[in-house]
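Scroll down for the structure; my scribbles are underneath it.
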Amino acid sequence: MIIGIDLGTTNSLVSYFHEGETKIIPNRLGDNLTPSVVSIDENNNIYVGKIAKERKILYPHMTVDVFKRSMGTNKEFVLNDKKFKAEELSSFVLKYLKEDAQFHLGQKVEEAIISVPAYFNDDQRKATKKAGELAGLKVNRIISEPTAAAIAYGIDKRDDNTRFLVFDLGGGTFDISILEMYGSIMEVRAVAGDNYIGGEDFTEILYKMFLEQVNLKEEDLSTKNLSHIKKQCEIAKMEFSSKKVVQIKCKVEDKIYETSINMDDYEKSCELILSKLKKPIEKSLKDAKIKLNQIDEIILIGGATKLPIIRKFVGKIFGRLPNTSINPDEAVAMGAAIQGAMKERNKSIKEVILTDVCPFSLGTEVVMNSSNNRYNETYFCPIIERNTTIPVSRTETFYTAYDNQSKLIVEILQGESRFVKNNLKLGQLTVSVPRGKAGDQSIDVTYTYDINSLLEVIVKVNSTGEKKRVIIQKQENKISEEEANARFEELSYLKIHPREDEKNKEVLFRGERMYEESMGEDRQVINSALIEFENILNKQDKIEIENAREKLNNLLNDIEFDQLY
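Heads up: the sequence shown begins at 47 in my numbering, then just goes up one per residue.
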């Protein structure tokens, strides 16, 4: 039997399909939800779930949660002097769920469909797959959470050409996905999101409000006291579902601290984080080339969508009531189980062809000719753009940039920034070419990206027929947090006159933002315009810079207007 697992930031759960329906498997404590928390004691015993969550109050230094946000990174968590990566901690949760499933079903479980946020990149998806393997599971497929939820809602049973927007706000991640159903094909049209916004952040706001109102400072409190306060704030946040005013009462060093917080004040404090939820909505609609009034139904999933403040926000943004007929905590796991039944060719399930999209652009590094004919600027050149339906294969031709150039290095990159240094390096291929004049030699670079997040890159030298190939599937060449910070520090050009002028910086940053948000011809036009403006900045002619800045602003205004209308 193939089980379906929703590996969540805050809570995880497992389900299976039996006798024509999906069933959630309760854990050993009788709960459907298992907290995604891991704790270790002095004897190196590992605790998972509710017990670990309780231990966090007593032993915060030996307990960890919200580690899903660090999947696919080099970050390490220290518990009892032992170091763990996020995928290792996740494997403990998955093993716990696997054991509960085996006990409930009375049989061995070896295969699973595991869900991930739609906006997870390759490293994060592969880390999730590795976590499953460490837990002793064969991971049949990594399925995007919104796609799984859409399956659970049975959109395959709706009328043809029905469009859905899935608003997925979990404990630690936020996704927007636009899907379209026609015939037996469920196509993901676009995804967008933020892997660092979730219900935990709304708890954090309440936590800070409490500290301020009772005049407590974090630096004056022990880790144990802070954990206790956050737990009480989490409880109070959930009470907003039925109350307009909540009471938060905490005992700190034998003293009771108590305050009340009303919904209006809480909503006001949440305005900034709510505004961050708007951008992915706008981005996904623009990428899908779909207007809001063309969406037939809006589906809410993720535990954080149960908060009244979120439902009010969604209703205001979309101007209609969303569909919440399935428990938002359970929809993803249910969909994953149905996908498992499809894989097993269960006769009671209508087989649906699922298409997905590439969540981030994939491309390579190219060198640009500056105004003085010196090739000293390199930029990111997308080959497969974000939200392209997968599986997909794209080929681009590149030429030598220098006379007597003898080799070409193809950097394999993922991201949206024009600047190579701001994107994620996945790998590299180097090929030799015959020497000659600049532009005489060319290579064809083919990127092929499949449904399991595997990327194949083939480089062919057109004059000699030599080919080199690599499949990106291992977690090598990752950028650490320290390296990423160092690379941002290298953007020293922003500190050199005349770029220090606020007006010049504003239009540059605006152009960079619009480049990352755009695709196709718009992206090429913006890139060329920014390069032209940067070359003029280097001349340091004030009048020429002002004229160029006005020209660039007008161009960006025109593109933004066309994209909106």
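Every residue, glycine too, gets a C-beta built ideally from N, C-alpha and C.
Return the residue from the list the options that minimises the CA-CA distance to residue i.
| i | options | result |
| --- | --- | --- |
| residue 322 | 266, 373, 248 | 248 |
| residue 295 | 288, 608, 260 | 260 |
| residue 116 | 163, 555, 285 | 163 |
| residue 518 | 485, 472, 560 | 472 |
| residue 178 | 289, 134, 280 | 134 |
| residue 403 | 222, 358, 576 | 222 |
| residue 256 | 607, 244, 274 | 274 |
| residue 318 | 334, 250, 395, 343 | 250 |
| residue 171 | 357, 105, 283, 241 | 241 |
| residue 551 | 579, 566, 572 | 579 |
| residue 266 | 244, 238, 298 | 298 |
| residue 470 | 168, 93, 358, 73 | 168 |
| residue 291 | 269, 492, 354, 569 | 354 |
| residue 413 | 253, 456, 433 | 456 |
| residue 565 | 512, 458, 432 | 432 |
| residue 270 | 245, 588, 100 | 100 |
| residue 549 | 334, 599, 301 | 599 |
| residue 74 | 570, 331, 149, 388 | 149 |
| residue 514 | 453, 475, 334 | 475 |
| residue 127 | 98, 165, 87, 113 | 87 |
| residue 333 | 192, 90, 569, 67 | 569 |
| residue 595 | 567, 607, 608, 555 | 555 |
| residue 124 | 356, 137, 109 | 109 |
| residue 485 | 458, 454, 466 | 454 |
| residue 63 | 316, 236, 143, 382 | 382 |
| residue 213 | 258, 67, 230, 237 | 237 |
| residue 258 | 406, 230, 305 | 305 |
| residue 243 | 567, 106, 316 | 316 |
Can you pull the DSSP bridge partners for residue i?
| i | result |
| --- | --- |
| residue 443 | 490 |
| residue 209 | 226 |
| residue 426 | 411 |
| residue 303 | 296 |
| residue 455 | 476 |
| residue 220 | 215, 240 |
| residue 699 | Since the displayed the chain opens at 47 and closes at 611, residue 699 lies outside it and no answer follows. |
| residue 460 | 408, 470 |
| residue 435 | 403 |
| residue 61 | 50, 70 |
| residue 506 | 490, 513 |
| residue 360 | Beta-bridge pairing links residue 360 to no other residue. |
| residue 308 | 291 |
| residue 495 | 438, 501 |
| residue 518 | 501 |
With 7 Å set as the bound, which would you pick, yes or no: does the beta-carbon of residue i sit closer than that to a beta-carbon of chain D?
| i | result |
| --- | --- |
| residue 369 | No chain D is part of this structure, which consists of one protein chain only. |
Please report the Cβ distance between residue i and residue j, rounded to the nearest whole angstrom; I am assuming they are in contact, meaning their Cβ atoms lie under 8 Å.
| i | j | result |
| --- | --- | --- |
| residue 181 | residue 140 | 4 Å |
| residue 557 | residue 602 | 6 Å |
| residue 572 | residue 561 | 5 Å |
| residue 54 | residue 385 | Wrong, their Cβ atoms sit about 17 Å apart, outside the cutoff. |
| residue 71 | residue 147 | 5 Å |
| residue 617 | residue 234 | Shown here, the chain extends from 47 to 611; a query on residue 617 therefore has no answer. |
| residue 429 | residue 461 | Not really, about 12 Å apart at Cβ, beyond 8 Å. |
| residue 224 | residue 330 | 5 Å |
| residue 303 | residue 262 | 7 Å |
| residue 441 | residue 490 | 5 Å |
| residue 252 | residue 282 | 6 Å |
Say yes only if the C-beta of residue i is nearer than 6 Å to one or more non-hydrogen atoms of the ligand COA, and no if none qualify.
| i | result |
| --- | --- |
| residue 309 | Ligands in the displayed structure: none, and consequently the ligand COA is not present. |
Handout entry: Three-pair Cβ contact test at 8 Å for the stretch 297-311 versus the stretch 324-339
Key = Result no; under three Cβ-Cβ pairs closer than 8 Å.
Handout entry: the stretch 347-361 in contact with the stretch 212-224 per 3-pair CB rule at 8 Å
Key = Touching, yes.
Exercise for the section: Specify whether the stretch 51-67 and the stretch 78-85 touch according to this definition: at least 3 beta carbon pairs, one from each stretch, less than 8 Å apart. Expected result: yes
Exercise for the section: Starting from the N-terminal side, write out each stretch of the alpha helix (DSSP H) that is 4 residues or longer and does not extend beyond the stretch 547-596. Expected result: 548-563, 566-585
Practice task
Check whether the stretch 188-195 touches the stretch 150-165, counting contact only when three or more Cβ pairs, one atom from each stretch, lie closer than 8 Å.
Solution key: yes
Handout entry: 3 or more residues per run - each beta strand (DSSP E) lying fully within the stretch 64-131
Key = 67-71, 83-86, 92-94, 109-111, 122-125, 128-131
Exercise for the section: Please specify which runs of the alpha helix (DSSP H), each continuous and at least 4 residues long, are wholly inside the stretch 362-416, giving them in chain order. Expected result: 377-389
Handout entry: Contiguous beta strand (DSSP E) assignments of at least 3 residues, all confined to the stretch 312-356
Key = 343-347
Practice task
Count the CB pairs spanning the stretch 423-437 and the stretch 361-380 that are closer than 8 Å, and state whether there are at least three.
Solution key: no
Handout entry: Given 8 Å, three or more beta-carbon pairs between the stretch 436-443 and the stretch 460-479
Key = In this structure the stretch 436-443 does not touch the stretch 460-479; the number of beta carbon pairs closer than 8 Å is below three.
Exercise for the section: Output the residue ranges of the beta strand (DSSP E) runs that lie fully inside the stretch 145-197 and measure 3 residues or longer, sorted by chain position. Expected result: 157-162, 184-190
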